[in-house]
């Protein structure tokens, strides 16, 4: 996905919110958050089924 002004434009976005690096970084963050949500949902399902006791601080 290309963001910013056309090549050669002096007003082209070269740094900041819309750079290719930031798009890639935010995509990685979204993937990490998605995986975390899936892991938590899976752990909750295991706890509901009673396979392992719920953790409680000592």
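In the numbering used here, the protein residues as written are 147 to 204.
Here a beta-carbon is modelled for each residue, glycine too, at the ideal position from N, C-alpha and C.
Item	Value
In angstroms with no decimal places, state the Cα-to-Cα distance between residue 189 and residue 169.	30 Å
For residue 174 and residue 202, I'd like the C-alpha separation in whole angstroms.	32 Å
Grouping DSSP H, G and I as helix and E and B as strand, with all else coil, what is residue 176?	helix
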